[in-house]
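Protein chains in written order, with this note's numbering: chain A, 397 to 946; chain B, 2 to 211. For glycine and all other residues, C-beta sits at the position ideal for the given N, C-alpha and C. Remarks on the structure that follows.
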Amino acid sequence: MRVPPGVSAAAYAKALTEFEQVVGKEWVFTTDEDLDLYRDAYSPFLNEPEERIASGALAPSSTEQVQQIVRIANKYRIPLYTISTGKNLGYGGSAPAYSGSVVLDLKRMNRILEVNEQNAYALVEPGVSYFDLYKYIQENKLKVWIDCPDPGWGSVVGNALDRGGGYTTANYRNHFDSHCGMEIVLPDGELLRTGMGAIPNSKTWQQYKSGCGPWIDGIFSQSNYGIVTKMGFWLMPEPEAYLRCTVSVPRYQDLIPLIEILNYVENSRISAGFPDIESPLLGYPPIGQLQLWIEKGPPRMSEEHVRLLKGARVGYSAELEAHGLRAGIPYWRLWLSFHGPQEVIAAQWQATQRLFARIAGAKFEVRDTVRFPLDPAKVTDYHEPELGVPSLRVFSIGARTPWNPTPSKGHMWFSPIIPRSGEAIIEANKVFSEAASSLGMPLFNSFTLPACFWERCFIFILATPVTEDPQTNRRYREGFKKLIAVGGAHGWGEYRTAPVFQQTVMDVYSYNNHSLQRFHATLKDAIDPNGILSAGRYAIWPKHLREQKS
Amino acid sequence: MNRREFVAASSAVAAAIGCPRLPAATRAGSPGLDVSWVLFDRRFGPSRAFGSAAADLRQRIYGIEGNVTEFWTEHLDALWRTGTGAVAGMTTAASLVCLEQLAAQHWFRVIGRVEHQRRCEQIIMHRIRAEPRWLQRLRGGLAENGSPSHFATALLEPGRRGIPQVSVEFSTNTSGQWLDAPPLVSWYIASRTATHTEFAAGTGRHEVET
Chain A
397 MRVPPGVSAA AYAKALTEFE QVVGKEWVFT TDEDLDLYRD AYSPFLNEPE ERIASGALAP
457 SSTEQVQQIV RIANKYRIPL YTISTGKNLG YGGSAPAYSG SVVLDLKRMN RILEVNEQNA
517 YALVEPGVSY FDLYKYIQEN KLKVWIDCPD PGWGSVVGNA LDRGGGYTTA NYRNHFDSHC
577 GMEIVLPDGE LLRTGMGAIP NSKTWQQYKS GCGPWIDGIF SQSNYGIVTK MGFWLMPEPE
637 AYLRCTVSVP RYQDLIPLIE ILNYVENSRI SAGFPDIESP LLGYPPIGQL QLWIEKGPPR
697 MSEEHVRLLK GARVGYSAEL EAHGLRAGIP YWRLWLSFHG PQEVIAAQWQ ATQRLFARIA
757 GAKFEVRDTV RFPLDPAKVT DYHEPELGVP SLRVFSIGAR TPWNPTPSKG HMWFSPIIPR
817 SGEAIIEANK VFSEAASSLG MPLFNSFTLP ACFWERCFIF ILATPVTEDP QTNRRYREGF
877 KKLIAVGGAH GWGEYRTAPV FQQTVMDVYS YNNHSLQRFH ATLKDAIDPN GILSAGRYAI
937 WPKHLREQKS
Chain B
2 MNRREFVAAS SAVAAAIGCP RLPAATRAGS PGLDVSWVLF DRRFGPSRAF GSAAADLRQR
62 IYGIEGNVTE FWTEHLDALW RTGTGAVAGM TTAASLVCLE QLAAQHWFRV IGRVEHQRRC
122 EQIIMHRIRA EPRWLQRLRG GLAENGSPSH FATALLEPGR RGIPQVSVEF STNTSGQWLD
182 APPLVSWYIA SRTATHTEFA AGTGRHEVET
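Printed below as a string of structure tokens:
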């Protein structure tokens, strides 16, 4: 039997007995076969001894059980690592940040406590997946939408706490921002409710976020200060209709006004749907069309076009641009979407066209007009998450790829945040492509466009493959860390990362001699003096492990 | 890898799509076998042959084109919530990663897997991971001149639980159906507590979900 680090076998055995008394013997896992389920399926340490693994796992079914587990863990100094459903592949999965921790698996806490249609909110436990919530809403014929990531298999609470993003409208795509109220088990077993939930019999826990006094919800995301056992979310009222349109512009430099105008139309909510940038001339698909391009093949390019593409630098050559102008192939295409009553979204699209018309040669096209409710048989005609429908379709892609003739065994997401401007896209491509090329990293090999999950910034989300070759994985891990540092030197930082890179990422957030990290440590020592909760998560280590590390 | 490279990389697989249809799902059942569903990918010849062989064994089959969403929402989630219901199949590795994660949601796990990857025009490599006796049967099912039904039979009769799994890699000559197929993987997913008693070969098999 595996034993957590720093814990004697005898103490661990006693703790396991007490855990069994709380959750039942069948929900305490210690065999290798059971614990294999808690390995990170995309671990960058595939087949290496440094892979982070669990010593055990516990699956409570209630908040009260979580409180008891935490008290036992304090008694025996058992390091716990909390997961909701552990589906954040590419960002660490179910595996603990501190190898040898006991995974506290909240999947059995899967109750949908309330979905309020009138005020459009839900209150759920951490084991509720996007599929679960979607199904509940459909079965109860409620006129609300969820906003889900792609794939939509994960926990609503877990994704929000990891600060994931989605694809509907700007008010809901930032999953942490769209939460309203939490219930938290603190490291000493105390129960806390945030916002209006701090009022006994609160009537507005899911309707007003901050309550009164310091608003502390943020410290429970990407952290290890408590175990969130309930969380409220604002839902989107089902729109009457949906309109998806494109704005195409002909020249490389048009990217700059294109983004400026996008920012205005989105920040003023003229268009609130997921903006998606494509480059027909560079052969770069929008996220919403990626699946269709793969299933049906990308648009064909002439030999001349392919030849000119090879000569482009940072996505540009005068010849390529001239070719695009001659052949009528836009350099950039922006996909915009509108949700609401038909007459409203028609007017929004009209205003949008007027604003973008200041770019010479801009062309406009309506791509889809949808009335809701949508016929379920037609949902795969669209990128499902943009219509609030969870999907696993992203896994329909085969595994053989030219960049990796042996199938990839997963990936590590490289996800830097950059400013919301055309200039920043070009600069980031220049910086990262030079760095990646010198490091031999399979990133930024061609001009790369960011995603628009959040309305005030861009994010690149790029997959660095995990291979079966430990030497290649080692090289990629080191290269990945160097790219993080390169980003940091330019003022860009990752929004989320796998445990193996969390220290490197947090080291970039170094203003005033790492005052943010030092504050995190101060909080940790005050809230969790025994250091039992999720040690090492986002580089927040308890005192005894900080001392060991130094 | 960015979106453009992703499309380029995937187009080789997309080009391989050719979908003579098996029924999307069939209802059958064999008293000797306890799998609830056999999954196959309609896009790829070897997987279609596997699905046909399972149907011939009177198994309930389900065809996908990579996307397991409908299978999950319509069948699998409800089945696995009951804590029982083994499922087997031959799919891409990507589909299996997805199913494996979904299985873990209910503490189900892959108890045997066989990766199949063409190495050159005429050679296909198989990598089996399973408990030793089952591994031998799986290997036998993949032997030269073996039919898809031999392999399907071997896969659908799982090995013992609680026995450490071992791995073996070997090659066979390809048949024509593998020529355009990407790497595929055959697998068997069972619950945490599914156990069975071994049986004498050819006399049938007994599995009990406890």
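Query                                                                                                                                                                          : Result
Within its chain, find whatever has a CB closer than 8 angstroms to the CB of Ile-822/A; leave out the 5 residues flanking it on each side and keep chain order.               : Leu-651, Val-710, Gly-711
Whose Cβ in chain B lies nearer than 8 angstroms to the Cβ of Thr-863/A?                                                                                                       : Correct list: empty, because the minimum Cβ distance to chain B is about 13 angstroms.
Nearest CA to the CA of Leu-185/B: which residue from Arg-120/B, Ile-164/B, Ala-87/B, Arg-61/B?                                                                                : Arg-120/B
Which of the three DSSP states is assigned to Asp-430/A in this structure?                                                                                                     : helix
Taking the CB atoms as reference points, tell me whether Asn-570/A and Gly-561/A lie closer together than 8 angstroms.                                                         : yes
Can you find a CB in chain A that lies within less than 8 angstroms of the CB of Trp-81/B?                                                                                     : no
Within the continuous beta strand (DSSP E) that includes Asn-512/A, where are the two ends?                                                                                    : 508 to 512
Where are the beta strand (DSSP E) runs, 3 residues long or more, that stay fully inside the stretch 27 to 100 of chain B, in chain order?                                     : 36 to 42, 62 to 65, 87 to 93
Going along chain C, which residues have a C-beta under 8 angstroms from Gln-102/B?                                                                                            : Checking the listed chains, one finds no chain C in this structure; the protein chains it contains are A and B.
DSSP on Ile-928/A, reduced to helix/strand/coil?                                                                                                                               : coil
What residues from chain B crowd round Lys-774/A, counting only those whose CB sits closer than 7 angstroms?                                                                   : Those within 7 angstroms of Lys-774/A in chain B number zero; the least Cβ separation is about 14 angstroms.
Is the Cβ of Arg-128/B closer than 8 angstroms to any Cβ of chain A?                                                                                                           : no
Ordered along the chain, which non-local residues of its own chain (more than five positions away) have a Cβ less than 6 angstroms from that of Cys-608/A?                     : none
Quick one: Cα of Ile-595/A to Cα of Ser-606/A, how far?                                                                                                                        : 12 angstroms
For the stretch 159 to 175 of chain B, list every residue whose C-beta sits within 7 angstroms of some C-beta in chain A, in sequence order.                                   : none
Which runs of the beta strand (DSSP E), 3 residues or longer, sit entirely within the stretch 564 to 630 of chain A?                                                           : 575 to 581, 587 to 589, 623 to 630
Taking only three categories from DSSP, how would you classify Lys-539/A?                                                                                                      : coil
Can a CB atom of chain B be found closer than 8 angstroms to the CB of Ser-792/A?                                                                                              : yes
Closer than 6 angstroms by C-beta to Met-837/A: which residues in its own chain qualify, once you throw out the five before and the five after it? Chain order, please.        : Gly-875
Which chain B residues are close to Ser-458/A, counting only those with a beta carbon under 7 angstroms from its beta carbon?                                                  : Neighbours of Ser-458/A on chain B: none; closest Cβ ~18 angstroms, over 7 angstroms.
Suppose you measure from the CA of Ala-17/B to the CA of Cys-99/B; what does that come to, to the nearest Å?                                                                   : For Ala-17/B, the predicted structure reports a pLDDT of 36, less than 50, and the residue's modelled location is therefore unreliable. A value from the coordinates is still provided. Their backbone Cα atoms lie some 21 angstroms apart in a straight line.
Going by the CB atoms, is the gap between Tyr-189/B and Pro-159/B shorter than 8 angstroms?                                                                                    : yes
If you follow the alpha helix (DSSP H) that Trp-689/A is part of, which residue opens it and which one closes it?                                                              : 683 to 692
Please name the residues in the stretch 822 to 833 of chain A whose beta-carbon is closer than 7 angstroms to at least one beta-carbon of chain B, in chain order.             : none
Tell me the residue span of the alpha helix (DSSP H) that contains Val-419/A.                                                                                                  : 405 to 419
Which two residues bound the contiguous alpha helix (DSSP H) that contains Arg-665/A?                                                                                          : Neither: Arg-665/A is in no alpha helix (DSSP H) and is coded neither H nor E.
Can you name the residues that DSSP bridges to Trp-731/A?                                                                                                                      : Thr-642/A, Asp-672/A
Anyone know if the C-beta pair for Ile-673/A and Leu-783/A falls short of 8 angstroms?                                                                                         : no
With distances taken Cα to Cα, identify the nearest neighbour of Asn-68/B among Leu-788/A, Thr-564/A, Asn-825/A, Ala-832/A.                                                    : Leu-788/A
Since Ile-741/A contacts Phe-734/A with CB under 8 angstroms, what's their CB separation in whole angstroms?                                                                   : 4 angstroms
Specify, as a first and last residue, the run of the beta strand (DSSP E) that Gly-921/A falls within.                                                                         : The sequence given here places Asp at residue 921/A; Gly does not occur at that position. From DSSP, Asp-921/A is part of no beta strand (DSSP E) but of the alpha helix (DSSP H) over 907 to 923.
Could you please give me the residues that DSSP links to Lys-759/A through a beta bridge?                                                                                      : Ser-644/A
Check whether chain B comes within 8 angstroms of Leu-788/A, counting only Cβ atoms and requiring the distance to be less than that.                                           : yes
In chain order, what residues of the same chain have a beta carbon less than 8 angstroms from the beta carbon of Pro-769/A, not counting five sequence neighbours either side? : Glu-634
Compute the distance between the beta-carbons of Gly-550/A and Thr-481/A, then report whether it is under 8 angstroms.                                                         : yes
Note the first and the last residue of the continuous alpha helix (DSSP H) segment covering Gly-884/A.                                                                         : 866 to 885
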